[in-house]
Every structure is written in structure tokens, then in C-alpha cells.
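A short write-up of the structure that comes next.
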Ligand SMILES: Cc1cc2nc3c(=O)[nH]c(=O)nc-3n(C[C@H](O)[C@H](O)[C@H](O)COP(=O)(O)OP(=O)(O)OC[C@H]3O[C@@H](n4cnc5c(N)ncnc54)[C@H](O)[C@@H]3O)c2cc1C
Ligand SMILES: *[C@@H]1O[C@H](CO)[C@@H](O)[C@H](O)[C@H]1NC(C)=O
Ligand SMILES: *[C@@H]1O[C@H](CO)[C@@H](O)[C@H](O)[C@H]1NC(C)=O
Ligand SMILES: *[C@@H]1O[C@H](CO)[C@@H](O)[C@H](O)[C@H]1NC(C)=O
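In my numbering, the protein residues as written are 193 to 693.
Structure below.
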């Protein structure tokens with residue numbers, strides 16, 4: 193005994209000398225993490241978890257369908273087209289980083305002309321002459337379009353703070369907390385009111401809101417201007433930007449991230465997550481999560497230290513139950529909005545859209561305003577994911593049109609929209625939340641070490657939002673595990689990081 197004392201003393205002195213060890217240096221790293229869902233949220237979470245926790249961690253990614261989830265392509269007459277999430281904003285920095293890191297590329301993009309249809313006539317039609325568009329916009333909406341650009345830019349500037357916070361490893365324990373750190377009470381207020389109210393208060397005209405803002409909401413979220421102000425602004429950010437997508441399909445980002453993260457892919461449906469207490473080899477007990485799933489080879493279970501849920505917790509979409517939790521994990525109510533994407537190879541019926549002389553029709557994108565007699569949200573010519581956008585050779589010649597609607601199109605409706613067509617393919621989605629205000633986002637932390645990424649969709653649903661939630665969950669789980677509470681929910685980060693730089 194006596195001979196060991198000096199050694200212990202030395203060790204103590206050594207510790208004092210270096211300063212007290214942080215909790216992070218004491219805790220064993222986690223052995224296994226489960227991610228449920230291999231969409232962009234789950235696969236980017238695997239990527240970020242690997243970055244944070246290092247190479248020894250076992251990461252299992254469960255997927256009941258195909259990798260990519262709501263990023264998927266559909267084959268129409270031998271070519272693939274984006275059927276789910278399709279466009280990416282130039283300032284979506286995580287998506288941009290993934291594409292670069294994974295060696296993917298972006299096809300060239302020549303946008304066609306678009307028009308806004310109100311059910312009776314076009315209230316706005318783009319011209320191929322830039323100056324004419326400016327004059328038309330001024331004539332119709334005064335300075336509203338210019339002011340909208342500035343308004344959206346201001347929101348985007350604040351939103352971009354997330355990248356600085358995340359690169360400094362800061363995490364947030366709720367979706368509201370994350371938004372508050374970006375844009376303060378203004379952002380929280382936007383979650384509480386509709387985009388219509390938000391823009392009215394900001395001084396935009398009702399005509400502009402109805403004819404320009406509404407169509408953007410309808411094409412991006414299948415809903416009107418009663419969606420929250422934040423998701424509305426996200427939607428408007430796309431209006432005047434050079435939007436892009438990934439050559440070969442956006443879902444390639446997911447397969448790429450899965451591979452890059454060296455995660456183990458498990459094809460199966462997760463049925464339940466249950467808390468279990470297990471004896472430790474070194475004595476005492478440890479709490480683990482048991483994931484039960486139905487694999488192709490039959491039912492199975494596995495134990496994890498941490499679980500990330502990267503799918504909407506909606507009975508129709510995931511149906512995962514949480515068992516033996518005390519207190520019980522609250523049920524998150526989740527109404528997702530149905531959007532149907534129909535791909536039609538055919539010639540548009542210009543007279544349906546009020547054209548007396550169809551040869552004058554030159555649009556390749558038709559947006560719509562709110563009108564109960566309209567059975568579509570939008571209609572646009574699309575290009576295959578392999579090539580860049582091909583220019584529409586003859587405006588009324590045959591092309592592949594992608595139609596968004598709330599319900600499946602009937603044969604009669606298709607033959608109204610198209611003067612002739614030869615193939616139709618449909619993909620029905622529970623696409624994004626059905627937004628109402630005010631609505632609190634579901635919790636991001638469901639239990640000690642269970643994280644719910646898709647909480648963020650209730651602020652706004654987009655690929656980049658899922659990637660942001662993924663990085664946040666990776667950081668949050670890391671800091672929780674290591675007791676770095678000073679990295680979570682910090683106030684005034686924007687000011688703090690300004691002086692730090
Ligand atoms: C038609 C449409 C158009 C869109 N347009 C755009 C756009 O232009 N730009 C944009 O940024 N975003 C767009 N979005 C939104 C975007 O696609 C989503 O926000 C994003 O893809 C969500 O990714 P995720 O990984 O969070 O969820 P998901 O992609 O839904 O991934 C969840 C995965 O979990 C799996 N899963 C579910 N339950 C279980 C279970 N029990 N066990 C195992 N696996 C399970 C599912 O099969 C799925 O693959 C669009 C969406 C749709 C549908
Ligand atoms: C937003 O609405 C919620 C729920 O109705 C309320 O609790 C909260 O105080 C509101 N926040 C703001 C900033 O108005
Ligand atoms: C598991 O999968 C099998 C075969 O696919 C199916 O018959 C069974 O009902 C599934 N079990 C559950 C609990 O979903
Ligand atoms: C085209 O639209 C017009 C006007 O709605 C409609 O009368 C006609 O039946 C449609 N179909 C064709 C093939 O012209």
C-alpha cells in the first residue's frame with residue numbers, strides 16, 4: 193500500500209498541473225449509434241457523427257425503403273427525373289459541401305420562361321427580354337419585387353449564421369432555440385404567423401402577395417399563404433436565385449454520404465425503440481436503447497448508446513413505437529401534406545390556359561394563384577437528371593411536364609391539360625408538414641440520448657434544413673455524451689463569435 197502512495201500522489205499532481213481534466217477526457221466514447229432513416233437527414237447525420245466521434249464508433253443506418261427517402265428519381269421513357277426534393281439554393285452550404293466532398297457535379301441549367309395563371313388567365317408572363325421583365329414587374333407590382341429581394345436577403349443573412357455556429361461546434365436543444373439564435377424574436381414571431389400576415393406587416397401589397405408569393409408557396413409546399421412566415425421566406429429565397437441540383441439525381445448525395453461515413457447499412461423496418469438496463473462488465477449497470485426491426489431475414493434487435501430518428505414520426509410514414517419509457521415519450525402529432533407529382537410526356541393544351549392562338553404559347557413553367565377551381569399547383573417542363581436542362585425546342589411540341597397537385601389527376605383532367613400525350617407516371621408523397629400557425633415544433637430531444645431530427649421540418653422542410661438538423665444532432669449528442677454543456681444553447685452567439693474572430 194505504502195509504495196503505491198507516491199504514484200497516486202504524482203498522478204494527482206500531474207492532473208493539478210495540467211488543470212482539472214474536462215469531463216470529455218474521462219468518459220468512454222459511445223460504442224454504437226443507430227440512425228433510423230437513410231434520407232438526407234440520416235445519411236448526413238452518419239457523416240457528421242463520424243467526424244465528431246471518430247473512427248471506432250459503430251454507426252448503423254436503418255432504412256425500410258430506398259436510400260434517399262424523399263430524394264428520389266422516377267423513370268419516364270428511359271430517363272430519370274427528380275420526383276421529390278429537386279432544387280437547391282446556392283447558399284445551401286452543407287449541400288454544396290457534400291457535392292464537392294463526394295466528387296459529384298451539377299448540370300448546366302437553362303431556365304425557360306414562366307407565367308402565373310389564376311384559373312382564368314395569366315396575370316404575369318415572363319419575356320425573354322430582361323428589360324421587359326423589369327418594366328412588367330414595375331408596372332404590375334411597383335417596388336414590391338425589389339423590396340422582396342431585400343427582405344429575403346436580410347433573412348438569409350441571419351439564417352447563414354448557422355454555418356458559423358456549427359463550424360464552432362455549437363448545438364441547440366430545440367428547433368425554436370436554434371432559430372432564435374439566428375434571428376432572435378423576429379424569427380420566432382415568423383413561426384407564429386402566416387407568411388401572408390408577415391408580409392402584410394412588412395408592407396407588401398396584397399396583390400403582390402396573391403400573385404407572386406402564393407404561387408411560390410404552392411409550387412414549393414403545395415399550400416397557400418397560411419403557412420408560417422419562416423417556411424414562406426425559405427420558399428421565396430428560391431424565387432430569384434440560380435437554383436441547382438445534382439447530376440445523376442440528388443439522392444446520390446445520400447448514397448455518397450453513407451459510403452463516406454463508413455456506416456453499416458441495415459435494410460429493414462424499425463418497429464420499436466425500448467429502454468433497457470444492462471449490467472456492465474466492470475460492475476454497475478448501463479442504460480441502452482434496444483432497437484427492434486424487421487429485416488429481410490426476419491425480426492431482429494440490437495442495442496445502442498444513442499439513437500437518432502431521421503424520419504417524420506408519423507404513423508403513415510414510419511410507425512415507430514417507444515416502449516417502456518418512464519415517463520412515456522410524448523406522441524408527436526404530425527400531419528403531413530400530400531403532394532402528387534405527375535409526369536406527362538405530351539403537348540400542352542394552350543387553349544386550356546386561355547390562349548386563343550396556341551402558337552403564341554412559349555412558357556415552360558406555369559405557376560398558379562389560389563383558386564378553388566384549379567386542380568393543379570404548378571406545371572413545368574423538366575429535364576432528366578443525367579443531362580442539363582434541354583431547351584424547349586418548340587413551345588407546344590411534346591415534352592416531359594411535371595405537374596404538382598394535391599390529389600391524383602384523373603384521366604379527364606390530364607386530357608384537359610394536354611392536347612395529346614403518350615405516357616403518364618405518378619408519384620404520391622406525404623411531402624412536408626401541413627403547416628398551420630401557431631405551431632410549436634416537436635421536441636428535438638425525445639429522451640436522454642434519443643434525438644429527433646425531423647423536428648426542424650416544422651420550421652421549414654428542405655434538404656438543407658435536414659442537413660442542418662443532422663449536424664446539430666451530431667454536435668448535441670457529442671456534447672451531451674461528454675458533458676460539454678457550455679456548447680449547448682448559448683445565448684448571444686452572434687456577438688460572442690464576432691469578437692472571437
Ligand atoms: C415532392 C417534393 C418536392 C420537394 N422539393 C424540394 C426542393 O425542391 N428542395 C428542397 O430542399 N426540398 C424539397 N422537398 C423537401 C425535401 O425533400 C425533404 O425536406 C428532405 O428530403 C427530407 O429528408 P429527410 O432525410 O429528413 O427525410 P426522408 O427523406 O423522408 O427520409 C426518411 C427515411 O426514413 C425511412 N424510414 C421511415 N420509417 C422507417 C422505419 N420505421 N425504419 C426504417 N426506415 C424508416 C424512410 O423510408 C425514408 O427513406 C421536397 C419534398 C417533396 C416530397
Ligand atoms: C408563439 O406562439 C406560442 C404558442 O401559441 C406562444 O406560446 C409564444 O409566446 C408565441 N411567441 C411569440 C414570440 O409570439
Ligand atoms: C415483418 O416482415 C414480415 C415479412 O416481410 C411480415 O410478414 C411481418 O408482418 C412483419 N412484422 C412486423 C411486426 O411488421
Ligand atoms: C383543351 O382545352 C380546352 C379548353 O378548356 C378544352 O375545351 C379541350 O377539350 C381541351 N383538350 C384538347 C385536346 O383540346
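No residue lacks a Cβ here, since even glycine has one placed at the ideal position from N, Cα and C.
574 is the residue among 574, 564, 551 whose C-alpha sits nearest the C-alpha of residue 558.
Excluding residues up to 5 positions away in sequence, 401 lie with their Cβ nearer than 6 Å to the Cβ of residue 391 in the same chain. Counted as a single uninterrupted DSSP element, the beta strand (DSSP E) harbouring residue 251 occupies residues 250-255. Residue 337 and residue 329 have their alpha carbons spaced roughly 7 Å apart. Not one heavy atom of ligand 4 lies closer than 7 Å to the C-beta of residue 383. Counting along the chain, residue 612 sits inside the beta strand (DSSP E) bounded by residues 610-625. Here residue 475 is exposed. Its C-beta has fewer than 16 other C-beta atoms within 10 Å. Counting only beta-carbon distances shorter than 5 Å to the non-hydrogen atoms of ligand 4, the qualifying residues in chain order are 541, 543, 544, 611. The beta-carbon separation of residue 483 and residue 496, rounded to 6 Å, stays under the 8 Å limit for a contact. Distances taken from the Cβ of residue 621 to the heavy atoms of ligand 1 include one shorter than 7 Å.
Taking a cut-off of 8 Å on C-beta distances, the region 234-253 touches the region 654-665, as three or more cross pairs fall below it.
Taken atom to atom, the span from the alpha-carbon of residue 436 to that of residue 301 is near 8 Å. Residue environment analysis places residue 309 among the buried positions, since at least 16 neighbouring C-beta atoms fall within 10 angstroms of its C-beta.
Closest in C-alpha terms to residue 296, from the list 631, 225, 578, comes 578. With respect to residue 274, residue 441 sits close: the two C-beta atoms are nearer than 8 Å.
Within the DSSP secondary-structure output, residue 396 pairs in no beta bridge. Annotation: residue 571 is outside any alpha helix (DSSP H); the continuous beta strand (DSSP E) that includes it extends over 570-573.
Here the distance from the Cβ of residue 649 to the nearest heavy atom of ligand 1 is below 7 Å. In this structure, the CA atom of residue 603 is about 15 Å from the CA atom of residue 540. Under DSSP, residue 463 takes part in no beta bridge, so it has no partner. Counted as a single uninterrupted DSSP element, the alpha helix (DSSP H) harbouring residue 290 occupies residues 285-293. DSSP places residue 679 in no alpha helix (DSSP H); its state is neither H nor E. Looking at the DSSP output, residue 272 shares a beta bridge with 267.
Taken in chain order, the complete alpha helix (DSSP H) segments of 4 or more residues contained in the region 333-405 are 336-351, 353-359, 367-384, 387-393.
DSSP places residue 302 in the coil class of the three-state scheme, outside both helix and strand. Taking non-hydrogen atoms of ligand 1 into account, the C-beta of residue 482 is found less than 7 Å away from none of them. Excluding the 5 residues flanking it on each side, residue 513 has same chain C-beta neighbours closer than 6 Å at 464, in chain order.
Residue range 655-674 is occupied by the alpha helix (DSSP H) that includes residue 656. Secondary structure at residue 553: coil, using DSSP grouped into helix, strand and coil. With fewer than 16 neighbouring CB atoms inside 10 Å of its own CB, residue 298 falls in the exposed class. Using a cutoff of 7 Å, the CB of residue 351 does not count as near ligand 1, since none of the ligand's heavy atoms is closer than that. CA-to-CA, the gap between residue 406 and residue 567 works out to about 15 Å.
Secondary structure note for residue 496: it is in no alpha helix (DSSP H), and the uninterrupted beta strand (DSSP E) holding it is 490-496.
Bridge partners of residue 518 according to DSSP: none are assigned. Taking the Cβ of residue 663 as the reference point, every heavy atom of ligand 1 lies at 7 Å or farther away.
Taking C-alpha positions only, residue 572 is separated from residue 332 by approximately 23 Å.
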